[in-house]
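**Q** Submitted below is the structure of interest, expressed as structure tokens.
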Amino acid sequence: MYLRRHDKHVDGETYGYWSLMESVRTARGPRQRIVATIGELPGLDREERIGRDAIGRLLTGKPPPQSL
Numbered sequence: 042m043y044l045r046r047h048d049k050h051v052d053g054e055t056y057g058y059w060s061l062m063e064s065v066r067t068a069r070g071p072r073q074r075i076v077a078t079i080g081e082l083p084g085l086d087r088e089e090r091i092g093r094d095a096i097g098r099l100l101t102g103k104p105p106p107q108s109l
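Heads up, the sequence shown is in this note's numbering, so the first residue is 42 and it goes up one at a time.
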């Protein structure tokens, strides 16, 4: 699973929205499926993807990494 940004342009303004995506293999090849539409996430743009690993761990039920 991963996050994908969708940009929407309205009256010269650009709005960014996020979706939680899942890769699914079909007979016609790999496809991407939207699992959840998250909406706007301030501070999470293309250059700054802080926390995406934590979101993935929460969704899959994996424990957080141990710090030494």
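For every residue, glycine included, the Cβ atom is placed at its ideal position computed from N, Cα and C. Computed from a predicted structure; not experimentally measured.
#1: In the structure shown, what three-state DSSP assignment does G57 receive?
#2: On a CA-only basis, which of R74, P104, W59 and Y58 is nearest V65? Give me that one, please.
#3: Excluding the five sequence neighbours on either side, which residues of its own chain have a C-beta within less than 7 angstroms of the C-beta of R72, listed in chain order?
#4: Out of I79, T67, G70 and A68, which has the shortest C-alpha to C-alpha gap to R46?
**A** Taking the definition as stated:
#1: It is a strand residue.
#2: It is R74.
#3: So the list reads V65, once near-sequence residues are dropped.
#4: R46 has its Cα closest to that of I79, out of I79, T67, G70 and A68.
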